[in-house]
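Residue numbers (numbering that gives the first Met the number 0), protein chains in the order written: chain A, 0 to 419; chain B, 0 to 371; chain C, 0 to 507. Taking it in order: structure first as structure tokens, then the write-up.
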Amino acid sequence: MSTLVDRYRKADRGVRVVIIAVAAVLVMTLAELVTGTSDLTSRSTASAALRLAIPILLAGLGGLYSERSGVVNIGLEGMMISGTWFAAWGAWMFGPWEGVILGVLGGAVFGLLHALATVTFNVDHIVSGVAINILGLGAMRFLSSIVYTPETGGSVIQSPPIDGLPNIDLPVLAGGQLFGWNSPDFFGWLENLELFFLSDVAGILRGFTGGINWLTLLGLALVPITAWLLWKTPWGLRLRSCGEDPWAAESLGVRVLRMKYYGVIISGMLSGLAGAFLVLVQAGIYREGMTGGRGFIGLGALIFGNWMPVGVLGGSLVFGFGDSLRFRGPEVVRSFILAVAIGLIAFGVYSAVRSRLRAAIIQIVIGAAFLVYYLQVVEVSNQLLAALPYVITLLVLAAASQHLRMPAADGARYAKGEAR
Amino acid sequence: MKSGRLLTSVVAPAIALIIAFGFAAIALLLVGIDPLTAYKEMWVFGTTAESLIITVNNAIPLYVSALAVAVGFKMGLFNIGVEGTYLLASLFAAYIGAQISTTPVLHVTAILLVAVLVGAGWAWIPAYLKVKRGVHEVIATIMLNYIAFALSAYLFLNVFRAETAGLTIATDLIPESGWMPSLTPLLAAIGIEVRAGANLQGFLIIAIALGVGYHYLVNKSRFGYDLRASGINPTAANASGVDPKKMIIRTMLISGGLAGLVGIAPLLGFYHQYPQDFPRNYGFNGIAVALLGRNNAVGMAFGALLFGFMQRSALILDLRDVPKEIVTIIQGIVVLAVVIVYEVISKYVQRRVISSAAAATDFDPVTSAEAA
Amino acid sequence: MAQAPAIQLEGVTKRYPGVVANKDVELTVASGEVHAVVGENGAGKSTLMKIIYGMVRPDEGTITIDGAPANFRTPKDAIDAGIGMVHQHFMLADNLTVLENVILGSEPRSGVKIDFEGASDRIRILGDTYGLRLQPNQKVERLSVGERQRVEIIKVLYRGAQILILDEPTAVLVPQEVNELFDSIRDLREEGHTIIFISHKLDEVLSIADRITVMRDGQTVGTTTPSEVDARQLAEMMIGSELPSPETKESTVQDEVLLDVSDLELVSDDGRAVLADITFVVRKGEIVGIAGVEGNGQAQLVDSLLGLAPTSTGSITLAGKSMDDLETRERRAAGIGLIPEDRHRQGLLLPSPLWENAALGHQYKEPYANGIWIDKKGTREHTAEIVRRFDVAAPNVDVPAAALSGGNQQKLVVGRELMANPTVLLAAQPTRGIDIGAQAEVWEELKSARAAGMGILLISADLDELIGLSDTIHVLFEGKLVAKLDPSEITPEILGSYMTGAGEKKAS
């Protein structure tokens with residue numbers, strides 16, 4: 000047993016993450032056995048999780064570009080709000096793809112404002128971000144009041160309904176069409192075999208590959224693209240240097256102010272895209288407050304992911320899963336609570352094995368509390384469910400924040416030509 | 000130095016307001032509305048005696064909210080969680096206030112105490128997470144806002160709801176001993192007559208007291224010195240003996256306690272129960288007022304009155320077919336504009352102060368800065 | 000001379016508001032020579048180098064590089080002209096690798112991507128040619144100070160620099176590392192490079208330079224060669240008057256122990272021993288010096304003594320009273336004073352007025368505080384007293400600390416700490432970055448305080464200061480005290496060898 004533990008500890012960070020993910024699925028499968036449902040690891044849950052993860056992912060990646068260039072961006076929420084409004088308006092006036100472009104532009108405008116305040120005028124980054132959020136809310140409400148009058152079918156707080164973007168299934172893996180040929184559905188087939196654990200994994204993967212949107216694929220593709228862009232190209236190296244040590248970069252002729260503008264505007268664009276996704280893929284309408292803090296959750300994914308693209312993806316999947324749970328129905332939530340209980344108790348045992356007794360006791364006690372809650376409650380109140388994604392975000396950050404490392408000059412006040 | 004202070008405290012917000020009203024005017028023009036008429040209407044309506052009273056009433060919770068945020072700002076802590084805190088605290092205060100009935104002073108004090116305790120307790124969570132687990136307080140307080148919304152909705156609908164069979168959903172009515180007296184009689188005593196129904200809320204006195212207390216705490220006390228030092232240079236503050244963890248927790252507790260009081264003014268002065276449509280947005284607007292007033296007790300008072308005025312005078316716009324949301328965009332632009340203008344002006348003032356000090360003693364800060 | 004001079008400056012002038020940083024500067028650097036530029040802080044050397052490197056544009060004068068007139072607008076222009084600058088404060092991003100730091104801004108391409116292999120090869124070749132060996136894929140944060148300097152030099156060589164400007168390169172090196180650096184400089188000269196070497200360490204300058212230019216108050220005073228002058232004459236050219244020395248005359252050390260440190264240990268988060276087996280005493284009327292290269296635990300030692308490193312173990316006793324369970328504030332109240340090694344970081348609130356800065360570290364007691372309130376009147380009066388006694392040049396006590404020069408800021412910090420009459424004063428780099436005049440004043444004050452019975456722990460990288468002021472010297476190397484020495488019997492070389500660990504084998 001202890002050698003297994005040792006091998007886990009010595010493994011690469013990426014391998015450890017995969018192990019944790021597999022363990023999580025295993026625990027959930029066990030929980031399902033007890034509760035008799037299979038919804039926790041089903042394809043529909045996975046599909047919903049992915050769909051809700053994408054806006055978080057896009058916002059998080061946006062934050063990545065900004066913070067890697069040294070500008071803290073709390074205003075992702077405001078930029079996303081702008082994206083939702085402009086995407087809905089664009090789709091309503093023209094069409095869904097035009098909506099996407101306008102959503103991106105809407106986010107970019109607020110990104111430009113944030114860049115202006117922080118990079119040119121050296122306003123404190125967080126203060127500017129908060130101001131951007133306030134301005135975003137106010138401005139979009141004002142625009143709605145002018146544009147969406149009762150005659151047009153909307154109101155101050157929502158737009159008329161609009162057409163969204165089509166979904167697709169991936170070929171071979173999920174039975175999608177390929178130039179008119181109906182390809183086999185590998186994951187679906189594996190799922191239907193009802194093999195313990197294997198079919199659950201297949202179900203999850205089938206949810207990830209079927210019924211997904213082009214924007215989803217775009218969002219996922221942005222992860223490797225960002226990694227390549229930032230670590231393998233000159234532009235990316237220069238951007239990162241601005242976030243690590245802008246004075247060193249300046250001394251070597253890098254145009255630091257310009258790079259920061261790029262970073263922040265890109266973050267606005269990606270947040271705008273996230274907003275467009277919310278409107279066009281998920282809701283089919285603009286409603287005030289629909290972003291629901293996802294910009295901030297995206298920031299949480301960025302922190303959890305240690306400012307690396309793959310990490311942001313992982314964080315957004317976890318938080319997206321949390322977001323989706325409240326829509327899945329009471330049975331699924333109960334299974335989840337049981338899974339958390341099992342997981343915490345198991346982790347407590349692991350901590351005890353590693354002689355971390357105080358942590359072990361805390362984990363087992365909390366796990367037992369969840370177990371008791373599971374046994375007592377039949378249906379978790381809807382109002383409390385609404386808090387779930389935020390609670391999960393908070394708990395994950397509380398657990399993980401200690402070992403993270405942000406870009407060294409993130410948030411630093413930089414003025415061209417001045418000493419540090 | 001004196002002129003520098005004048006520049007930053009008065010000129011900067013004035014410039015920001017001009018920018019904001021200017022942009023809004025352009026927006027109005029684009030939709031075919033004459034901004035000057037709209038502004039004039041707002042002014043005329045907003046300066047009636049009744050409107051001014053309502054302006055002050057609007058300003059009170061904004062001011063308290065700004066105080067709560069400013070305490071944190073002075074230390075470099077961003078408490079964005081005032082919004083959720085005050086809703087939760089007001090709910091508990093309304094419920095418990097309706098359960099008891101004693102002498103007025105005791106009753107009101109009890110309600111205030113509940114609000115402060117709930118607010119401080121809720122603010123303790125992000126403080127603990129920051130100190131023990133390193134979670135940034137911006138994200139923590141924002142997440143806790145949403146959690147507070149959910150929690151208060153749950154408690155409101157399932158636990159605290161009154162057993163009446165009426166159409167409105169609210170908590171039980173607080174007995175009259177728990178109502179905040181109106182100041183209108185006082186006004187009448189000094190010759191200002193107002194129409195019945197326009198009550199100047201008594202909480203104003205408490206709000207002013209809180210402002211004075213804030214000023215003395217932050218600027219004159221030893222705690223305030225430590226607080227401000229931690230905001231300016233945490234490393235130096237630690238070396239001088241400030242315990243950073245204790246400082247964070249104490250500051251957040253004070254901030255949370257103040258946040259808890261934000262909803263008490265409307266609660267005790269107007270609603271006397273917690274209804275489903277209890278006023279929102281005092282939290283976020285409080286941040287705006289704190290930024291506008293630059294965390295200064297008097298500045299924030301002016302900022303709160305300004306926002307309160309805009310809120311009130313905008314009501315007339317509905318009757319004139321102008322979108323009253325023009326006010327929200329003005330408020331939004333003002334916030335962003337004021338932080339930029341402050342930055343520009345204070346840098347200019349700083350440079351002037353440093354070079355005039357240098358000239359007075361015959362050395363140069365520039366090459367010495369190189370050597371240093 | 001057949002070849003045009005590498006650099007020729009004529010009549011170069013640069014003004015800033017309130018001061019003339021460079022006035023009518025004349026400088027001729029021959030091609031292929033090592034040319035030293037010396038002067039004390041504030042003489043204008045840094046500004047001049049910034050002009051040559053294109054970071055600053057002169058108001059008047061001409062610059063000629065290799066015979067051709069030069070008009071640099073940005074450092075990139077200077078880099079293109081073959082000039083490379085190795086800064087005194089390294090411009091390296093800790094979180095990036097050696098390779099990434101070297102190629103930043105001049106990345107070699109392979110299509111759209113960076114050509115990592117090509118860059119890596121080039122770095123290895125440069126390292127072998129000039130004795131500057133480095134691992135390209137290591138993160139800079141893991142490198143020692145000497146290795147980081149190598150990265151800086153490779154950085155400029157990578158960009159094809161023919162003319163190298165080294166700004167105070169030996170400020171953070173010990174004698175052994177200085178020798179390695181000088182070997183590399185000689186290799187560079189052999190390969191035909193031109194080196195400008197800025198320093199105020201006159202012995203080193205005399206040993207490596209071909210020619211020396213002295214600057215004072217923004218002007219060039221003269222150019223000479225090592226065969227024509229000695230250190231004393233150079234120093235007099237630099238300051239125009241007699242050199243002060245920190246030497247002590249008679250001992251004021253008493254028997255009573257004020258600070259007793261026993262088995263102090265500190266382990267970092269990842270398990271490394273940052274401090275181990277630290278045991279020493281400071282007696283009444285004694286200055287105990289701690290010598291060591293920066294980064295061997297000095298900052299952590301100060302933090303541990305102050306209570307800022309809560310995971311440290313061991314015992315600390317002040318005048319018989321145990322400090323072990325006391326918080327920072329209580330320790331300071333008990334009588335531990337602090338002159339921090341970085342006044343901007345740990346010692347001052349720059350935007351705040353002088354009187355608020357005077358209270359920093361003492362804000363809980365008289366004359367600064369009155370009950371739970373700050374006594375503004377008492378503080379201002381006391382601050383005026385500090386300004387008077389310690390000759391701080393300031394128009395009044397309301398100006399922000401940022402308005403003072405570095406030397407005056409340091410005098411304020413020293414003044415406020417000494418006037419608080421601590422039992423033991425922790426003085427870390429007390430005269431760093433201030434000019435010779437202010438330095439002498441600070442030394443005098445420290446000596447007076449010692450004579451009055453204060454115990455002082457002096458942590459310094461300035462060997463002359465250490466040897467001149469201390470009654471006892473301990474050497475801190477890799478977190479351990481490896482030697483206890485008598486200042487009257489040692490030289491900078493002996494001290495340097497202990498500081499680098501070479502002297503460990505000898506008995507102390």
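C-beta: ideal position from N, C-alpha, C; glycine also. Keep in mind that this is a model prediction, so the values were computed, not measured.
Linking S469 (chain C) to G31 (chain C) through their CA atoms gives a straight-line distance of about 42 Å. Between Q330 (chain B) and M309 (chain B), the beta carbon gap of about 7 Å places them in contact (Cβ cut-off 8 Å). P165 (chain A) counts as exposed, since fewer than 16 other beta carbons sit within 10 angstroms of its beta carbon. Under DSSP, R215 (chain C) takes part in a beta bridge, and its partners are C:Q218. At a Cβ-Cβ threshold of 8 Å, H199 (chain C) and L163 (chain C) do not count as neighbours. At a cut-off of 8 Å between beta-carbon atoms, S8 (chain B) makes no contact with chain C.
Contact of F77 (chain B) with chain A is assigned, a C-beta pair being separated by under 8 Å.
Using a CB distance cut-off of 8 Å, K259 (chain A) does not count as an interface residue toward chain C. Assignment of R239 (chain A) by DSSP, reduced to helix, strand and coil, places it in the helix class. Straight-line spacing of the CA atoms in V280 (chain A) and L298 (chain A) works out to 22 Å. Under DSSP, F476 (chain C) shares a beta bridge with C:K479.
Membership of Q7 (chain C) in the beta strand (DSSP E) is indicated by the continuous run I6 to Y15. Under the three-state reduction of DSSP, S312 (chain B) is assigned to helix. Annotation: N407 (chain C) to G414 (chain C) spans about 10 Å, alpha carbon to alpha carbon. For secondary structure counted as the alpha helix (DSSP H) over 4 or more consecutive residues, the region 396-444 of chain C holds these complete runs in sequence order: 405-418. By a beta-carbon distance limit of 8 Å, F109 (chain A) does not contact G321 (chain A). Their separation comes to about 26 Å. For L35 (chain B), the uninterrupted alpha helix (DSSP H) run begins and ends at P34 to G45, by DSSP. Taking a C-beta cut-off of 8 Å against chain A, the contacting residues of the region 101-135 of chain C are I102, L103, G104, S105, E106, R108, V111, K112 and I113, listed in chain order. When the Cα atoms are used, F71 (chain C) and Y261 (chain A) turn out to be separated by approximately 27 Å.
The C-beta of H88 (chain C) has fewer than 16 other C-beta atoms within 10 Å across all chains shown, which makes the residue exposed. Between A235 (chain B) and chain C, the shortest Cβ-Cβ separation is below 8 Å. Taken in chain order, the whole alpha helix (DSSP H) runs of length 4 or more contained in the region 81-147 of chain B are 81-98 and 103-132. Taking a contact to require three or more Cβ pairs closer than 8 Å, the region 200-214 of chain B and the region 251-267 of chain B qualify as touching.
A distance below 8 Å between beta-carbons, with the five flanking residues on each side excluded, links A272 (chain C) to the following residues of its chain, in chain order: E264, L265, V266 and G478. Taking 8 Å as the CB threshold, A303 (chain B) stays off the interface with chain C.
Residues of the region 373-402 of chain A with a Cβ closer than 7 Å to any Cβ of chain B, in chain order: S380, Q382, L383, A385, A386, Y389, V390, T392, L393, L396, A397, S400 and Q401. The beta carbon of L272 (chain A) is closer than 6 Å to those of L57 and V103 in its chain, skipping five residues each way along the sequence.
A distance below 7 Å between beta-carbons, with the five flanking residues on each side excluded, links K13 (chain C) to the following residues of its chain, in chain order: A20, N21, T46, I50, V55, P57 and D58.
The alpha helix (DSSP H) runs lying completely inside the region 198-238 of chain A and spanning 4 residues or more are 213-231, given in chain order. Residues of the region 245-256 of chain A that bring their beta carbon within less than 7 Å of a beta carbon in chain C comprise W246, A247, A248, S250, L251, G252 and V253, in sequence order.
In this structure, B:G71 is the residue among B:K131, B:F44 and B:G71 with its C-alpha nearest to the C-alpha of I286 (chain B). Proximity of A407 (chain A) to chain C, defined by a Cβ-Cβ separation below 8 Å, is satisfied.
Annotation for T63 (chain C): Q7 and A69 place their beta carbon closer than 7 Å to its own, counting only its chain and skipping 5 residues before and after. Within chain A, G252 have C-beta atoms less than 7 Å from the C-beta of I78 (chain C), given in sequence order. Using a 10 angstroms sphere on the CB of N57 (chain B), the tally of other CB atoms reaches 16 or more, which defines it as buried. S154 (chain A) sits in a strand when the DSSP states are folded into three classes.
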